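Enquirer: I'd like to ask some things about the structure below.
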Amino acid sequence: MKKSIFKFILLCTFFLFSCENKNTSQKNNFKEPASGVVISFDDTSINEWYQADKTLLQYSWKATFCVSKINTLSHSEIKELQQLQKEGHEIAGHGFHHFDAPKFVAKNGVDAYIKQEINPMLALMHFYNFKVTAFAYPFGFRNTNIDKALLKKFKIIRGTTYGAQDPFFQNCYYNNSRVVYGIGIDTDHPNFSIPYLIKLLDYAKRKHKILILFGHKPVQNITANYQTKMETLQLICNYVKQHNMTFYTLSELNNLK
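For reference, each letter of the sequence shown is one residue, going -18 to -1, 1 to 239 in mature numbering (1 follows the signal peptide of the UniProt record, and there is no 0).
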């Protein structure tokens, strides 16, 4: 009887150590993503994006350009987008008509939204050979019902977040979800400031996070709303390079799981 109990205890001990070693091995094989930044742009400022790329090439940067109203773009703008994609940037969707998604869906239903806002956009973007696997909500407006429908079409979707609270409480860092939130870097974006931006970057670096940013039209001098100063973009890119961080596209986040 005592021998049987001893064998049982020995077997349990062996089993527990085996499980622990297996779990330890799995943990050791897990590689935490490098801290970094997603820089994304919305709408149709194609020429400005193309010119910004020439300035920021020195940083080996990478961005996601979320295009709306692609049917209104000129041949030269399409060629510029194709060149940006060829250089390693991501071309993402931002709506065929740039609808306010929740407002449209409340009135017409989610199926009508997909048929009018998403399917025509994807068809034309695929016609131009854009590899579209990410989507950014116009105005950042979204809800879980629309998320569910869009996640059947895209690897990852981006909303927006606001505020200037401590980075620990911010929602603008990748959290292993297919629904992510960017914080604005346009000068008119609520609570935007260079000191706060640096604070967000510092937190990403210290805590091994990936900061998600979005802007619209990059310009040297601000003349209207929805404009991102080139000086801001240079600051971000310089910070990433100086601190050995990584530039990510939106869709690359989904590959980190």
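Think of the CB as a built atom: it goes at the ideal place given N, C-alpha and C, for glycine as much as any other residue. Predicted model, so just to flag it, every value in this text is computed and none were measured.
Hey, quick one: how far does the beta strand (DSSP E) through Q216 stretch, first residue to last?
Expert: Unbroken run through Q216 is the alpha helix (DSSP H), 212 to 224; no beta strand (DSSP E).
Enquirer: Give me the residue from H225, N220, S233, G75 with the minimum Cα distance to W43.
Expert: N220
Enquirer: Taking the alpha-carbon positions, what's the D148 to I128 distance?
Expert: 29 Å
Enquirer: How about the region 86 to 101 and the region 120 to 138: do they share at least three Cβ pairs that are nearer than 8 Å?
Expert: yes
Enquirer: Relative to the ligand PLP, is the shortest distance from any of its heavy atoms to the C-beta of L63 smaller than 7 Å?
Expert: Only the bare structure without any ligand can be found here, which leaves the ligand PLP out of the picture.
Enquirer: Here's a check: name, in chain order, each residue in its chain whose Cβ is nearer than 8 Å to the Cβ of Y227, leaving out the five neighbours to either side.
Expert: The displayed chain sequence assigns Met, not Tyr, to residue 227. Closer than 8 Å at the Cβ level, and outside the excluded window around M227, lie A16, S17, G18, V19, A186, K187, Y221.
Enquirer: Run through DSSP, which three-state label would D25 get?
Expert: strand
Enquirer: Could you tell me how far apart the beta carbons of T231 and E69 are, in whole angstroms, since I believe they sit closer than 8 Å?
Expert: That belief does not hold up - the Cβ atoms of T231 and E69 are roughly 12 Å apart, past 8 Å.
Enquirer: From the DSSP secondary-structure annotation, give me the bridge partner or partners of C48.
Expert: D24, A74
Enquirer: Give a yes or no on whether the C-beta atoms belonging to T46 and S22 are separated by under 8 Å.
Expert: yes
Enquirer: Alpha carbon to alpha carbon, what distance is there between F150 and A206?
Expert: 32 Å
Enquirer: Closer than 8 Å by C-beta to T142: which residues in its own chain qualify, once you throw out the five before and the five after it? Chain order, please.
Expert: Y119, F121, G122, Y163, G164, I165, G166, F196
Enquirer: In whole angstroms, give me the CA-to-CA distance for N11 and H76.
Expert: Here the model assigns N11 a pLDDT of 43, short of 50, so the residue's position is not dependable and the matter cannot be decided.
Enquirer: Which residue or residues does DSSP assign as beta-bridge partners of L106?
Expert: Bridge partners of L106: none, in fact.
Enquirer: Should K199 go down as buried or exposed, given a rule of 16 or more other Cβ atoms within 10 Å for buried?
Expert: buried
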